[in-house]
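Notes to accompany the following structure.
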DNA sequence: TTATAATTTCAGTAATTTCTGAAAATTAAG
DNA sequence: CTTAATTTTCAGAAATTACTGAAATTATAA
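Written as structure tokens, this is what we have:
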């Protein structure tokens with residue numbers, strides 16, 4: 001690997017973490033490198049910097065594009081494709097979260113739905129009830145996430161900072177409303 | 181695999197999803213099966229039901245215990261260890277989230293911190309700024325999560341249901357306070 | 001067109017992860 | 001203690017996933 005000591009540890013770490021976030025080591029490293037690079041990079045530069053094959057980079061780029069985490073940026077006077085992160089750190093984080101939701105939570109919900117449909121199964125079995133509980137929790141979560149996702153970043157950040165403080169605000173609201 | 185058709189699809193699915201949640205197929209299936217089982221199960225029952233080796237089950241149990249997702253429950257008149265989920269669906273979900281935070285977010289933060297410390301690196305480089313941004317976002321997230329985590333489930337559920345509605349409540353609060 | 005540059009594909013190989021099953025260790029009863 | 005039941009460990013095998021590099025494809029310029 002051929003990276004400055006300033007960024008190498010993070011790029012390597014992100015490669016290792018990659019699997020947790022749903023992609024492999026190379027894809028994780030590519031993404032980290034692109035995020036930390038001021039200028040857009042082409043496939044050869046990525047392969048050279050990370051010391052992996054050209055083919056591997058090509059597959060990784062496809063993957064990152066399918067996650068909408070990067071986009072191409074044409075460079076005047078160069079026919080190569082150049083790639084950059086597709087938005088701010090905040091937007092990228094949001095994008096990872098919604099992509100994971102789509103790839104992990106949605107399929108689980110769909111399995112649960114079809115199981116809960118099956119009338120034959122004793123509808124009040126313990127297992128049925130548990131699946132219903134998981135189903136309801138996932139739906140609650142998805143509804144919340146969709147909702148949150150539409151908020152503008154500034155309000156959302158404020159909300160994050162508040163943390164459980166919202167609880168207090170909600171209490172206050174109730175008290176104020178009761179008094180009319 | 182030797183399971184009732186009522187639960188088999190979910191157990192299989194949860195095994196496949198397992199890797200996304202940080203464990204392997206067998207561990208995922210074991211967990212799903214334990215959650216859907218009214219009675220506690222011993223290692224032999226798990227191996228038999230899921231059609232995997234005894235050794236594999238032993239390793240899986242260790243893993244689930246380390247995640248604090250299951251616990252043993254002594255059965256009178258049987259020296260075997262019996263296992264059950266360690267809490268309600270809600271508690272288990274919370275447990276997965278905080279364990280993942282500990283295993284995934286914390287190490288990333290620690291790498292970022294040590295990189296941001298290094299004074300030699302041009303402190304205002306593009307990469308430095310980006311790492312700072314990621315660092316700050318992760319800290320914000322962790323603070324929020326810790327905070328949220330301490331709330332009681334009922335309030336938390338209310339909050340989830342509200343979704344972006346909190347935004348409106350916050351606005352209202354401001355308006356009410358300004359008016360005094 | 002034709003030549004050249006750039007990218008993608010994919011069969012084969014390498015690396016990693018998971019799983020088995022028998023042996024070792026542990027626990028508890030007699 | 002001794003014995004039997006239970007659990008854990010771990011070397012090797014199996015399964016899965018990732019990677020390479022050369023050939024095929026696509027895109028661009030001359």
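Residue numbers (our numbering), protein chains in the order written: chain H, 1 to 180; chain X, 181 to 360.
Built from N, CA and C at the ideal position, the CB exists for glycine as well.
ask   = residue 130(H) touches chain X at which residues, Cβ-Cβ below 8 Å?
value = 215, 216, 269
query = Assuming residue 13(H) and residue 291(X) make a contact with CB atoms under 8 Å, what is their CB distance in whole Å?
reply = 4 Å
For residue 265(X), the first and last residue of its enclosing beta strand (DSSP E) = 262-265
request  = Out of 25(H), 19(H), 134(H), 50(H), point me to the one whose CA is closest to residue 2(H)'s CA.
outcome  = 50(H)
ask   = To which residues does DSSP link residue 216(X) through a beta bridge?
value = Answer is none; residue 216(X) lacks a bridge partner.
inquiry  = Buried or exposed for residue 26(H), going by 16 or more other Cβ atoms inside 10 Å?
reply    = buried
query = For residue 142(H), does the three-state DSSP call read helix, strand or coil?
reply = helix
key: Buried or exposed by the 16-neighbour rule on C-beta atoms within 10 Å, applied to residue 67(H)   = buried
message = Within 8 Å, do at least three Cβ pairs link the segment 249-267 of chain X to the segment 199-217 of chain X?
response = yes
message = Buried or exposed, going by whether 16 or more other CB atoms sit within 10 Å of the CB of residue 167(H)?
response = buried
message = Determine, for residue 141(H), whether the minimum Cβ-Cβ distance to residues of chain X falls below 8 Å.
response = yes
task = Assuming residue 136(X) and residue 11(H) form a contact by the criterion Cβ under 8 Å, report the distance between their Cβ atoms to the nearest whole angstrom.
result = Since the first and last residues shown for chain X are 181 and 360, residue 136(X) lies out of range.
request  = Identify every residue that forms a DSSP beta bridge with residue 70(H).
outcome  = 85(H)
query = Mind listing which residues of the segment 91-110 of chain H have their C-beta closer than 8 Å to chain X's C-betas, in chain order?
reply = 93, 100, 103, 104, 107, 108
ask   = Going by beta carbon distance, what residues of the same chain come within less than 6 Å of residue 90(H), once the five residues before and after it are set aside?
value = 153
ask   = Quick one: is residue 277(X) buried, meaning 16 or more other Cβ sit within 10 Å of its Cβ, or exposed?
value = exposed
ask   = Would you say residue 82(H) and residue 46(H) are within 8 Å of each other, going by their C-beta atoms?
value = no
inquiry  = What does DSSP give as the partner residue(s) for residue 369(X) in the beta ladder?
reply    = Look at the range of chain X in this structure, 181 to 360, and you will see that residue 369(X) is not part of it.
key: Spatial neighbours of residue 138(H) in its chain, beta-carbon cut-off 8 Å, leaving aside the 5 residues before and after   = 105, 108, 109, 112
request  = Write down the C-beta distance between residue 144(H) and residue 340(X) rounded to the nearest angstrom, noting that I regard them as a contact closer than 8 Å.
outcome  = 4 Å
message = With a threshold of 8 Å between beta carbons, is residue 304(X) in contact with chain H?
response = no
query = Since residue 164(H) and residue 330(X) are thought to touch, with beta carbons under 8 Å apart, how far apart are those beta carbons, to the nearest angstrom?
reply = 6 Å
query = Between the beta-carbon of residue 75(H) and the beta-carbon of residue 87(H), is there less than 8 Å?
reply = no
Range covered by the alpha helix (DSSP H) that runs through residue 15(H) = 8-21
task = To the nearest angstrom, report how far apart residue 423(X) and residue 223(X) are at their CA atoms.
result = With chain X running from 181 to 360 in the structure shown, residue 423(X) is simply not present.
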